[in-house]
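Chains as they are written, first to last, in my numbering: chain F, 1 to 398; chain G, 1 to 398. Idealized CB from N, CA, C, for every residue including glycine. From a predicted model like this one, the values you see are computed outputs, not experimental measurements.
Number of protein chains: 2
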Amino acid sequence: MDVSTLRDTYRTALLEDVLPFWLKHGLDSEHGGYFSSLDRDGSLLDSDKSVWIQGRFAWLLSNLCQIAGTNGQWLSAARSGLDFIDQHCVDPADGLMWFHVAKDGQPIRKRRYRFSEAFACLANAAYYKISGEENRAVTAANFYKTFKAHQQNPALSPFPPKFTGTRPSKGIGGPMIALNIAQTCRAAAIPGMDWDAEIDANIAEIQSDFVHPDIECVMETVAEDGSRIDDHFDGRTLNPGHAIEAAWFILQEAKFRGGDAQLTKLGTQMLDWMWKRGWDSEYGGILYFVGVDGRPVQEYWHDMKFWWPHNEAEIATLLAWQLTGEERYAAMHAQVHDWSWQHFPDPEHGEWFGYLHRDGTVSNPSKGTLWKGPFHIPRMMLMGWQICEEIETAKETK
Amino acid sequence: MDVSTLRDTYRTALLEDVLPFWLKHGLDSEHGGYFSSLDRDGSLLDSDKSVWIQGRFAWLLSNLCQIAGTNGQWLSAARSGLDFIDQHCVDPADGLMWFHVAKDGQPIRKRRYRFSEAFACLANAAYYKISGEENRAVTAANFYKTFKAHQQNPALSPFPPKFTGTRPSKGIGGPMIALNIAQTCRAAAIPGMDWDAEIDANIAEIQSDFVHPDIECVMETVAEDGSRIDDHFDGRTLNPGHAIEAAWFILQEAKFRGGDAQLTKLGTQMLDWMWKRGWDSEYGGILYFVGVDGRPVQEYWHDMKFWWPHNEAEIATLLAWQLTGEERYAAMHAQVHDWSWQHFPDPEHGEWFGYLHRDGTVSNPSKGTLWKGPFHIPRMMLMGWQICEEIETAKETK
Numbered sequence: 001m002d003v004s005t006l007r008d009t010y011r012t013a014l015l016e017d018v019l020p021f022w023l024k025h026g027l028d029s030e031h032g033g034y035f036s037s038l039d040r041d042g043s044l045l046d047s048d049k050s051v052w053i054q055g056r057f058a059w060l061l062s063n064l065c066q067i068a069g070t071n072g073q074w075l076s077a078a079r080s081g082l083d084f085i086d087q088h089c090v091d092p093a094d095g096l097m098w099f100h101v102a103k104d105g106q107p108i109r110k111r112r113y114r115f116s117e118a119f120a121c122l123a124n125a126a127y128y129k130i131s132g133e134e135n136r137a138v139t140a141a142n143f144y145k146t147f148k149a150h151q152q153n154p155a156l157s158p159f160p161p162k163f164t165g166t167r168p169s170k171g172i173g174g175p176m177i178a179l180n181i182a183q184t185c186r187a188a189a190i191p192g193m194d195w196d197a198e199i200d201a202n203i204a205e206i207q208s209d210f211v212h213p214d215i216e217c218v219m220e221t222v223a224e225d226g227s228r229i230d231d232h233f234d235g236r237t238l239n240p241g242h243a244i245e246a247a248w249f250i251l252q253e254a255k256f257r258g259g260d261a262q263l264t265k266l267g268t269q270m271l272d273w274m275w276k277r278g279w280d281s282e283y284g285g286i287l288y289f290v291g292v293d294g295r296p297v298q299e300y301w302h303d304m305k306f307w308w309p310h311n312e313a314e315i316a317t318l319l320a321w322q323l324t325g326e327e328r329y330a331a332m333h334a335q336v337h338d339w340s341w342q343h344f345p346d347p348e349h350g351e352w353f354g355y356l357h358r359d360g361t362v363s364n365p366s367k368g369t370l371w372k373g374p375f376h377i378p379r380m381m382l383m384g385w386q387i388c389e390e391i392e393t394a395k396e397t398k
Numbered sequence: 001m002d003v004s005t006l007r008d009t010y011r012t013a014l015l016e017d018v019l020p021f022w023l024k025h026g027l028d029s030e031h032g033g034y035f036s037s038l039d040r041d042g043s044l045l046d047s048d049k050s051v052w053i054q055g056r057f058a059w060l061l062s063n064l065c066q067i068a069g070t071n072g073q074w075l076s077a078a079r080s081g082l083d084f085i086d087q088h089c090v091d092p093a094d095g096l097m098w099f100h101v102a103k104d105g106q107p108i109r110k111r112r113y114r115f116s117e118a119f120a121c122l123a124n125a126a127y128y129k130i131s132g133e134e135n136r137a138v139t140a141a142n143f144y145k146t147f148k149a150h151q152q153n154p155a156l157s158p159f160p161p162k163f164t165g166t167r168p169s170k171g172i173g174g175p176m177i178a179l180n181i182a183q184t185c186r187a188a189a190i191p192g193m194d195w196d197a198e199i200d201a202n203i204a205e206i207q208s209d210f211v212h213p214d215i216e217c218v219m220e221t222v223a224e225d226g227s228r229i230d231d232h233f234d235g236r237t238l239n240p241g242h243a244i245e246a247a248w249f250i251l252q253e254a255k256f257r258g259g260d261a262q263l264t265k266l267g268t269q270m271l272d273w274m275w276k277r278g279w280d281s282e283y284g285g286i287l288y289f290v291g292v293d294g295r296p297v298q299e300y301w302h303d304m305k306f307w308w309p310h311n312e313a314e315i316a317t318l319l320a321w322q323l324t325g326e327e328r329y330a331a332m333h334a335q336v337h338d339w340s341w342q343h344f345p346d347p348e349h350g351e352w353f354g355y356l357h358r359d360g361t362v363s364n365p366s367k368g369t370l371w372k373g374p375f376h377i378p379r380m381m382l383m384g385w386q387i388c389e390e391i392e393t394a395k396e397t398k
């Protein structure tokens, strides 16, 4: 692997393509915060705002300032998102965040699940780290606590459940996102929680309930006790990109703990198993959903190629290579990197398409929606750049 | 158009392929009611039951008895679905129907919207027509009233709204389904409602709020006063197959009223406009979603080809041809019929695939899910067979 060239590829794409695209087209100069529903050329398709994306882009910009040095434009854009969150994204009636608001902050929609809080926590923690503003630390801790409380007790939701208690289940998204935000809070030294204990508990839940060695698989949805729900679509549907994202959160923890062998083994196994299940041997790229037993899932668009599973797989394979030195991870990284960078980037208007057909042709040519915004792609580029630098530094000091 | 051959095509496919497939694989001999999540060969993928599909298949079977003559197997299968609905599909706590139950009737999920009631109404009305059982008429009228009450006043839902009042909107699904079930209740002589008035009111709402002649378009979602929501994805997203289904409900009313000119004009305009917007000139077939202004919609699978829009377009073009005699409708019917029958039927195990990629290749090879069951395809075959017979009879008597 030519690590120096790869580092430049990530850094250049981030600083000269993806970030400028979103800073040019995604900032709302009137009301603050971020637009994300952008057409191929950056023009606005829908002026509504995703609360997830307010938190995610503010995190990205704050984190970039921390890694690449504070830049006035990035800092001011980060603050714009945080201010918009403070002013418009929390329902004063119950203290819970909206999911979707109008450009001026008028609320449109709330959801049962509290991932809005999770991404707002990320943003506040990262901004606290660069600014030292105490209120950001308090806000981050509070959003974490809300996310955790609702994960542990869904009955806290203002919405009655639509699912009965007949077949209770849970998804890997809860513990993996909790793990990721706890890592971010620890890195920012947010007071008020024992972040190591949070991290350990979430990794333990992923390992005991979602990682199933008997079938070499990471499940997306399981019964409350971690057993498999084999006879129904929900229980049989795997999301390999999601499991690979969880794998790199764990590999990142292994690295933080100086190359912890058990966590490295857990993370690389999760990556290996889900790569095998998710890689499309016919057209290349990573399938969105696959059935655990090879039979059909219910989703009709299961075989589409989305940007983010590919971004997560690039990070996971690069981290696995950094941690283990095994050449096969360099080969896997090259495989997913080459496929992604051949198919997703838009040669005409910059940035990446998000939604490809199975064969790699573009399905939806927009650059953003309420779901796709400036998060997975620039996060991959920022982390890829960092990891490559670490590898180079390690080589030089050998 | 060779009407006699077409009639045989529909009748043979219904009686020798599609219906036998579902009677063989879809009946639950243990608990009653219908499975719908079937793999390509008919084997069970998920034993849960869709409440929509219980009503829809019981309607289909009852209607078939009425048209083709009562057959013991069809009648007993219809009763099985009706009994399952009676015993398991209504929540005794609030009198509202579930959306999704386990095979033994244990409830899994309720939804805000009351389309479960709409399809249960259809089934009870059609069964009343063949059986004369009074309780079926009462049940049909009650389900209609519940559906209508919740359409008019969503606050009746046991679930608080997830959408705020910031940008109220409504979908064409409400009035078009109300129109269809009112027609079915009138045909069955269900007492207790003025069905003509119901039908008139729903057609009036479709025409005034969803049909927009200034842009020659049938909108899927509009503001409460029928104005367009141009600046947001939801308001710009068209569903041509859905609008074409609404068109044939209106054409059916035109036929019922002896060829009513105004309704014929309304229905054929809706068909013409949405055919133009929905037909895929590159690969053939009908696109699932298109943007009103040609810009991207938010759905990434917008360009897939689903079975049911094609079924609705076959019915609509055939009815338009029957009513107007215009040759272009015969040509449109041949166009959608040829594309559909080339791409959807499974030559190996019978029945039709439901979910194709834009280019017509199969995406999901299953024969059913909680959404695809024995409804649109056999309804098209049954109605096509009937309409062809009417056309032949009319020719003979000329």
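Using C-beta distances below 7 Å, list every residue in its chain close to ASP346 of chain G, excluding the 5 sequence neighbours before and after it, in chain order. Counting only Cβ-Cβ distances below 7 Å, and skipping sequence neighbours, we find ARG40, TRP352 and PHE353.
At which residues does the alpha helix (DSSP H) containing ILE215 of chain G begin and terminate? Counting along the chain, ILE215 of chain G falls outside any alpha helix (DSSP H), and DSSP gives it neither H nor E.
Tell me whether GLY384 of chain G is buried or exposed, calling it buried when 16 or more other Cβ atoms sit within 10 Å of its Cβ. buried
Have a look at SER4 of chain G and LYS398 of chain G and give me their C-alpha separation to the nearest angstrom. 17 Å
Less than 7 Å between the beta carbons of LYS110 of chain G and LYS162 of chain F, yes or no? yes
Relative to the ligand PLP, is the shortest distance from any of its heavy atoms to the C-beta of ILE177 of chain F smaller than 6 Å? The model depicted lacks the ligand PLP and carries no ligand whatsoever.
Same chain only: Cβ atoms within 7 Å of MET304 of chain F, ignoring 5 sequence neighbours per side: TYR288, TYR355, LEU356, HIS357, ARG358 and SER363
Output yes if chain G places a C-beta closer than 7 Å to the C-beta of ILE108 of chain F; else output no. yes
Counting only beta-carbon atoms, is THR407 of chain G nearer than 7 Å to chain F? Lying before the first or after the last residue shown, residue 407 of chain G is absent from chain G, which here runs from 1 to 398.
Are the region 244 to 263 of chain F and the region 226 to 234 of chain F touching by the rule of at least three beta carbon pairs closer than 8 Å? no
Anything in chain F within Cβ reach of ARG111 of chain G, meaning under 8 Å, just list it in chain order. LYS162
Reference THR393 of chain F, options F:GLN322, F:ALA331, F:GLN151 and F:MET332, closest by Cα: F:GLN322
Report the partner residues of LEU38 of chain F according to the DSSP bridge assignment. F:LEU44
6 Å Cβ shell around SER340 of chain G - same chain, five flanking residues per side excluded: Only HIS310 meet the Cβ criterion.
Bounding residues of the alpha helix (DSSP H) (the contiguous stretch that carries ILE130 of chain G): 115 to 131
Ends of the beta strand (DSSP E) at GLY107 of chain F? One point to set straight first is that residue 107 of chain F is Pro, not Gly, in the sequence displayed. From DSSP, the beta strand (DSSP E) with PRO107 of chain F extends over 107 to 109.
Does ILE387 of chain G pass the burial test, meaning 16 or more other C-beta atoms within 10 Å, or should it be called exposed? buried
Along the region 347 to 368 of chain F, what residues have a CB closer than 8 Å to any CB found in chain G? GLY354, TYR355, HIS357, ARG358, SER363, ASN364, PRO365 and SER366
Cα-Cα separation between GLY360 of chain G and ALA178 of chain G, rounded to whole angstroms: 33 Å
For TYR128 of chain F and chain G, any beta-carbon pair shorter than 7 Å? Any Cβ of chain G closer than 7 Å to the Cβ of TYR128 of chain F would place that residue at the interface, and such an atom is absent.
Just checking, does the region 115 to 126 of chain F make contact with the region 86 to 99 of chain F on the three C-beta pairs under 8 Å criterion? yes
I want to verify the contact list: residues of chain G whose CB lies under 8 Å from the CB of HIS302 of chain F, in sequence order. SER363 and ASN364
Which two residues bound the contiguous alpha helix (DSSP H) that contains GLY278 of chain F? Where GLY278 of chain F is concerned, the enclosing alpha helix (DSSP H) starts and stops at 261 to 278.
Please report the straight-line C-alpha distance between ALA13 of chain G and HIS349 of chain G, rounded to a whole angstrom. 13 Å
Can you find a CB in chain F that lies within less than 7 Å of the CB of ASP91 of chain G? Look at ASP91 of chain G: its C-beta is not under 7 Å from any C-beta on chain F.
Any beta carbon from chain F within less than 7 Å of PHE233 of chain G's own beta carbon? yes
Give the secondary structure of MET1 of chain F by DSSP, where H, G and I count as helix, E and B as strand, and everything else as coil. coil
CB contact check: PRO240 of chain G to chain A, cutoff 7 Å: The structure shown contains no chain A; its protein chains are F and G.
Using a Cβ-Cβ cut-off of 7 Å, state whether PRO296 of chain F counts as contacting chain G. yes
Ordered along the chain, which non-local residues of its own chain (more than five positions away) have a Cβ less than 8 Å from that of MET193 of chain F? ALA141, TYR144, LYS145, ALA182 and CYS185
Can you tell me where the beta strand (DSSP E) holding LYS170 of chain G begins and where it ends? Per DSSP, the unbroken beta strand (DSSP E) holding LYS170 of chain G starts and ends at 169 to 171.
GLY259 of chain G versus SER208 of chain G: straight-line alpha-carbon distance, rounded: 21 Å
Taking only the alpha-carbon atoms, compute the straight-line gap between ALA261 of chain F and LEU271 of chain F and give it to the nearest angstrom. 15 Å
Contacts of THR166 of chain F in chain G (Cβ-Cβ under 7 Å): Correct list: ALA102, GLN106, PRO107 and ILE108.
Nearest-angstrom Cα separation, counted from ALA149 of chain F out to ASP94 of chain F: Rounded to the nearest whole angstrom, the CA to CA distance from ASP94 of chain F to ALA149 of chain F is 14 Å.
Taking all protein chains shown into account, do 16 or more other C-beta atoms lie within 10 angstroms of the C-beta of ALA155 of chain G, making it buried, or fewer, making it exposed? exposed
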